[in-house]
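So for the sequence shown, the working numbering puts the first residue at 457; every next one is plus one.
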Amino acid sequence: MKPDVSPLDNQSHQSSWEHNAASWIAAVRARALPSRRITDEALVSRIGTRPWRALLDLGCGEGWLLRRLSAAPGTRLCGVDGCAALINAARAAHPEASYFCSGYAALVQSDPLAEQRYDWVVLNFALFGAAEDEMALRFALEHLSPTGRVLIQTLPAAAELRAQCETFAGLPGQWTPMPYRLRSVPDWQALARAAGATVCDVTTVYDDQHNPLSLLLELRP
Numbered sequence: 457m458k459p460d461v462s463p464l465d466n467q468s469h470q471s472s473w474e475h476n477a478a479s480w481i482a483a484v485r486a487r488a489l490p491s492r493r494i495t496d497e498a499l500v501s502r503i504g505t506r507p508w509r510a511l512l513d514l515g516c517g518e519g520w521l522l523r524r525l526s527a528a529p530g531t532r533l534c535g536v537d538g539c540a541a542l543i544n545a546a547r548a549a550h551p552e553a554s555y556f557c558s559g560y561a562a563l564v565q566s567d568p569l570a571e572q573r574y575d576w577v578v579l580n581f582a583l584f585g586a587a588e589d590e591m592a593l594r595f596a597l598e599h600l601s602p603t604g605r606v607l608i609q610t611l612p613a614a615a616e617l618r619a620q621c622e623t624f625a626g627l628p629g630q631w632t633p634m635p636y637r638l639r640s641v642p643d644w645q646a647l648a649r650a651a652g653a654t655v656c657d658v659t660t661v662y663d664d665q666h667n668p669l670s671l672l673l674e675l676r677p
């Protein structure tokens, strides 16, 4: 069977987040996703490997990362997400950071961060195979400081590009299925090149049984 290389319907993906927002907020804050206890730590640890003062979280969801990093003195934190319910929850829990509600395409057009540069631009499980993924990466690269890096955490690499659907089975709450596309490492590298970036590190995150949980990709211009 040939891999599904058709573009993801971004509206279907976005609609699933709008429907799932309340259940997602509850699941994240109750730490109901066991894998996130490992992948969250992997992300925070990687951020700590480089000196930084400003961080942009694209696809920030309900804002857990910005809250986690807020203890670092003298930092400037910003979150962007296309789901209003998630942004409202993030802002309510941590109003000290800056937040913008915008999808990637609209963000590129309006660019409320035009004069801002960041040492890290993070996309944590925030690129799901839509045409807007390249837009998001270009935006991230344009807003890096001179020594900044883009950090992507995503689902484990596939052997080839293929369509998937997340059903959130086993999690409490009312969920609607979320479509996405699973990429291989060469697919991620090709996406980075198309956006004008170079992948300078690829790390697979494993659980205690050596099952792959996520892929961390570090990019530079």
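Note that beta-carbon positions come from the ideal geometry of N, C-alpha and C, so glycine has one too.
For Val-655, same chain residues with a beta-carbon under 6 angstroms away, outside a window of 5 residues either side, are Gln-645, Ala-648, Leu-673, Leu-675 in chain order.
Take Cys-621, set aside five residues on each side of it, and the residues of its chain with a beta-carbon closer than 6 angstroms to its own are Pro-633, Pro-635, in chain order.
Counting the other Cβ atoms within 10 Å of the Cβ of Gly-535 gives 16 or more, which makes it buried.
Taken through DSSP and simplified to helix, strand or coil, Phe-584 comes out as coil. Contact annotation, Pro-490 with Leu-597: C-beta distance approximately 33 angstroms; criterion of less than 8 angstroms not satisfied.
The shortest C-alpha to C-alpha distance from Tyr-560 to any of Gln-470, Leu-525, Asn-476, Trp-480 is the one to Gln-470. The three-state secondary structure of Asp-589, taken from DSSP, is helix. Our two residues, His-666 and Thr-660, have alpha carbons roughly 10 angstroms apart in a direct line. Rounded to the nearest whole angstrom, the CA to CA distance from Thr-623 to Trp-631 is 7 angstroms. Ile-608 is positioned such that its CB atom lies closer than 9 angstroms to that of Asn-580. Boundaries around Ser-670 are those of the beta strand (DSSP E), 668-676, since no alpha helix (DSSP H) includes it. Fewer than three pairs of CB atoms, one per stretch, sit closer than 8 angstroms, so the stretch 584-596 makes no contact with the stretch 516-524. Val-578 counts as buried, since at least 16 other C-beta atoms from the protein chains shown sit within 10 angstroms of its C-beta.
Between the C-alpha atoms of Leu-563 and Asp-589 there is a straight-line separation of about 12 angstroms. Listed in chain order, the non-local C-beta contacts of Phe-556 below 7 angstroms within the same chain comprise Val-536, Pro-568, local neighbours out to five positions each way being set aside.
Distance between Ala-592 and Leu-617, taken at the CA atoms: about 19 angstroms. Secondary structure remark: continuous alpha helix (DSSP H) runs of at least 4 residues inside the stretch 478-534, in chain order: 490-503, 520-525.
Secondary structure of Trp-631 (DSSP, three-state): coil.
Apart from the 5 residues on each side of it in sequence, Ala-650 sits with its Cβ closer than 6 angstroms to the Cβ of Glu-590 in its chain, given in chain order. Within its own chain, the residues whose Cβ lies closer than 8 angstroms to the Cβ of Val-484, once the five positions on either side in sequence are excluded, are Arg-492, Gly-517, Glu-518, Trp-520, listed in chain order. Between Arg-532 and Arg-509 a beta carbon distance of about 6 angstroms is seen, short of the 8 angstroms cut, so the two are scored as contacting.
If you check the CB distance, Ala-619 and Arg-639 do not come in under 9 angstroms.
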